[in-house]
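Read through the structure below, which is laid out as structure tokens, and then see the notes.
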Amino acid sequence: MSNQLEIKHLNASIEGKAILNNLNLTLPQGEVHAIMGPNGTGKSTLAKVLAGHEDYEVDGGEVLMNGENILEMEPDEISRAGLFLAFQYPMEIAGVSIANFIRAALQARLDEGEELNATQYYKELYEKMDLLKIDRKFTSRSVNEGFSGGEKKRCEILQMSMLNPNYCIMDETDSGLDIDALRVVANGVNLMRGADRGFLVITHYQRLLEYIVPDVVHVMFNGSIVKTGGPELAKELEERGYGWLEAEAAVTA
Amino acid sequence: MSAEAETLSQIDRDKGNFHYETDYAYDAGVGLTPEVVDYIASVKDEDEWVREFRQKALKVFEKKPMPTHWASEDLNNIVFENIRYYLAKGQQPTRSWDEVPDDVKETFERLGIPENERKFLAGVEAQFDSEAAYSRMKEELEKEGVIFVGSTEGLMKHPDIFRKFFGKVIPIGDNKFSALNSAVFSGGSFIYVPPGVKVRQPLQAYFRINAENFGQFERTLIIADEGAEVTYMEGCTAPKFETSTLHSAVVELVALKNAKIQYITVQNWSDNVFNLVTKRAMAEEGAEVKWIDCNIGSRLTMKYPGVILKGDGARGEVLSIALASDGQHQDTGAKMIHQANNTSSNVISKSISVGEGRATYRGRVHMPKELSNCKNNTECDALLINTNSKTDTYPAITVTGEGNSVQHEASVSKVSAEQIFYMMSRGLDEGQAMSLAVNGFINDLTRHFPMEYSVELKRLIDLEMEGSVG
């Protein structure tokens, strides 16, 4: 079984409108890949399809996570199988504290009848928070309720580090963040980088990639990956914009 | 997991959905007639005044129309002629668990009663269909003069004190179902706490319907004498039968000067029980009554716990949670009747509607103009899970006079598909995600509840949400 996330010939649509068009991408564990591309090109759709969102129709192709096709699975099964989606717009859950939310998510990973060890859980939670430089008072607040943009993203990173996924999909995690929050997020990702984990960092701007240096950069356009290269590709996009891709895509098509 | 643990978790999943074939020594038969009412009085060997009280109540019941001009039309589907009004094995409630008949014992053991008694209760009463099967209280409380028995036994052994308060808070003609209960009542608890005695641990009663087409009509009367304190918890279950079952209880609380009563209900009826209950308390000077009322399950629940704030400075509170799943209607609320100066009342109601479930809040706050310095606070919050859910609020607030204050807040919120997706993307299945949202919604209320109760409530919500996922 190969330790990678393989997206093969993926086609997906919403309400009859095709968004992903024969998309191919392979993310091995241990690497950080960035996906860049103009607005409306299907980056967030890709993230949601990978996480199993029911509004999107998969019209063809497959997504193999360590050899297992996750397109057949429910969102919770995909999560428990080791994929984590950091949301662009995380949802509020009134009355549920961050500590209880993460605890419930970890409990859901145990066999029936098995109880999460509370002492050990809090120890680990506080260790991770210290590492991520998140105030401990944070855990008693309701999930994302009344949070600033930066706090929401911190909350996503904390969940990500506690759930210990094999693959992290980060959907425009940098949008709406000031430079300090951006550093916290990047710091979290960099701390979690390792041989057993792959990252797919979706972003519109090159800025985030100054803090999270990717191994591979993919350029997405009209629902497909049209170009793949090293970190220098991100800089090129920053300088030249996305306009030139249109011409290139027209030639390939 | 061991085989035994697995079996137990299966039982949990089905809630109280199991029943036993059992032989009854006393059966009033099907239907409601003066003869049936007489039969009940004779079997119980009741005094003449009780027999008259029952017969009078039957006439009131027959005369009163169904309250369908304001309540659900579904009430018309109750077929009174098809119901059995009294079923008993002829047992006296035993004081020893070992003496409880095996089939009854097994039922209550499945519901966890002996463990709870050992763990945190001061006394337990367990009612099987019409009569108590087991009733016991800690010895030290008995020495202090606390009485905790089934109402049948209370009526026999403590007639003076029983008669003094019986039917005084909720008269026969209060409503059609209080009249029905007054005609055929059997079982329920009778509690008397002498002046100044504070019962630290809760007393608990379990009500179990085991027979099909059976109506359970328990009657509970709790009296806390001056300065006394008591907490009472009740739990209700019934197996799921093909035909609907009726539960129509009357609960009267009397809190004398400076007394405190807390009454906690965990109701988990199967979804074809009509649950039509009248609960009311009277609070004398400086007394405090708190109803904590949680309604899960049933086909239709109509229940509006109330407090008559009769004495200066009395306080009343209703904290209620209603969960209406597919095909269920929770019609609940509260009544606060202010009759003296400086009285205060607080109502917090949280309802959750899932799928086709419907939740209704009806509240009544009455503060006449001759009173001064009275306060009421009412908060109704509704949570809708998925778009077909229905919720409605009918607050009736009569406040006249200056120097009285009333505050009313209502809110409706929704759990969206995106919120469920967010939670599922963290590994929770759909039922767990909904359950978490519901628990979050009621969290600010339940954290004031006794621990055992919140744990039980959370477990019931988990089961209900699991069941509501298609």
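Heads up: the sequence lines are chains A and B, in that order. Quick note: to get the working numbering, add 378 to the position in the first sequence (first position is 1). Quick note: to get the working numbering, add 474 to the position in the second sequence (first position is 1). Glycine included, C-beta positions come from ideal geometry on N, C-alpha and C.
What does residue i touch in chain B if you count any residue whose Cβ is under 7 Å from its own?
i: F516(A); result: Here the premise fails: no neighbours, minimum Cβ distance about 17 Å.
i: A483(A); result: R900, G901, L902
Can residue i be considered in contact with the ligand FAD, in the sense that its beta carbon sits closer than 8 Å to one or more heavy atoms?
i: I916(B); result: You won't find the ligand FAD in this model; it holds no ligand whatsoever.
Mapping the DSSP letters down to three states, classify residue i as helix, strand or coil.
i: N655(B); result: helix
i: Y706(B); result: strand
i: S380(A); result: coil
i: W544(B); result: coil
i: F691(B); result: coil
i: E440(A); result: strand
i: K538(B); result: coil
i: G415(A); result: coil
i: Y946(B); result: Lying before the first or after the last residue shown, residue 946(B) is absent from chain B, which here runs from 475 to 944.
i: T806(B); result: strand
i: P869(B); result: strand
i: P633(B); result: helix
i: G780(B); result: strand
i: I946(B); result: Nothing about residue 946(B) can be read from this structure; chain B reaches only from 475 to 944.
i: S887(B); result: strand
i: S391(A); result: strand
i: S818(B); result: strand
i: D745(B); result: coil
i: N522(A); result: coil
i: A564(A); result: helix
i: E605(B); result: strand
i: E830(B); result: coil
i: P676(B); result: coil
i: T626(B); result: helix
i: I697(B); result: strand
i: L934(B); result: helix
Contact check, residue i vs residue j under 8 Å by CB: the rounded distance?
i: F618(B); j: P669(B); result: Contrary to the premise, residue 618(B) reads as Glu rather than Phe in this sequence. Rounded, the Cβ-Cβ distance is 11 Å, inconsistent with contact.
i: K784(B); j: E762(B); result: In fact, because the Cβ distance is near 13 Å, the residues do not count as touching under 8 Å.
i: I644(B); j: S652(B); result: 5 Å
i: T872(B); j: H840(B); result: 5 Å
i: V886(B); j: L858(B); result: 7 Å
i: H721(B); j: D548(B); result: Not really, about 15 Å apart at Cβ, beyond 8 Å.
i: G662(B); j: A562(B); result: Incorrect: roughly 14 Å between the Cβ atoms, too far for contact.
i: A412(A); j: H596(A); result: 7 Å
Can you pull the chain A residues whose beta carbon is under 7 Å from the beta carbon of residue i, in chain order?
i: F915(B); result: A472, G473
i: A911(B); result: I471
i: G829(B); result: Near G829(B) there are no residues of chain A at all, since even the closest Cβ is about 17 Å away, more than 7 Å.
Under 8 Å Cβ-Cβ, which residues of chain A neighbour residue i?
i: A808(B); result: Under the 8 Å cutoff, chain A gives no residues; its nearest Cβ is about 22 Å from A808(B).
i: D903(B); result: E452, D454, A486
i: E892(B); result: M469
Please compile the residues from chain A whose C-beta is within a distance smaller than 9 Å of the C-beta of residue i.
i: F895(B); result: K426, A429, G430, H431, E432, D433, P453, M469
i: D918(B); result: G473
i: Q804(B); result: The premise fails here: Q804(B) is roughly 20 Å from chain A at the closest Cβ pair, so nothing lies under 9 Å.
Cα-Cα, which of the options is closest to residue i?
i: N551(B); options: Y560(B), M540(B), T865(B); result: M540(B)
i: E940(B); options: A911(B), F915(B), N749(B); result: A911(B)
i: Y737(B); options: E599(B), D936(B), D767(B); result: D767(B)
i: A884(B); options: G790(B), A856(B), E892(B); result: A856(B)
i: S656(B); options: P676(B), E930(B), I621(B), V534(B); result: V534(B)
i: S863(B); options: A798(B), E938(B), T542(B), D903(B); result: A798(B)
i: D866(B); options: W544(B), D603(B), F915(B), L532(B); result: W544(B)
i: R458(A); options: H431(A), G439(A), L587(A), R487(A); result: R487(A)
i: M611(B); options: K642(B), E791(B), E692(B), A679(B); result: A679(B)
i: Y868(B); options: Y927(B), S823(B), W765(B), R558(B); result: S823(B)
i: A907(B); options: M469(A), V427(A), P406(A); result: M469(A)
i: A464(A); options: G621(A), V436(A), M538(A); result: M538(A)
Give me the chain B residues within the contact set of residue i, using Cβ-Cβ distance strictly less than 8 Å, ordered along the chain.
i: A573(A); result: In chain order: nothing, as chain B lies at least about 23 Å away.
i: R458(A); result: G901
i: L463(A); result: S899
| request: Spell out a yes or no on whether the stretch 876-888 of chain B and the stretch 838-852 of chain B are touching, meaning 3 or more CB-CB pairs, one atom from each, closer than 8 Å. | output: yes
| Pairing CB atoms from the stretch 775-782 of chain B with CB atoms from the stretch 806-819 of chain B, are three or more of them under 8 Å? | yes
| request: Taking only beta carbons into account, state which residues of the stretch 535-569 of chain A come closer than 8 Å to chain E, listed in chain order. | output: Any reference to chain E falls outside this structure, whose protein chains are A and B.
| query | So, do the stretch 436-451 of chain A and the stretch 415-425 of chain A have three or more beta carbon pairs nearer to each other than 8 Å? | reply | no
| message | Is it the case that the stretch 479-494 of chain A contacts the stretch 559-577 of chain A, given that we only count it when at least three CB pairs across the two stretches are under 8 Å? | response | no
| request: Inspect the CB distances between the stretch 511-519 of chain A and the stretch 385-403 of chain A and report whether three or more fall short of 8 Å. | output: no
| task | Flag this pair as touching only if the stretch 575-584 of chain A and the stretch 602-610 of chain A have three or more C-beta atom pairs under 8 Å; answer yes or no. | result | no
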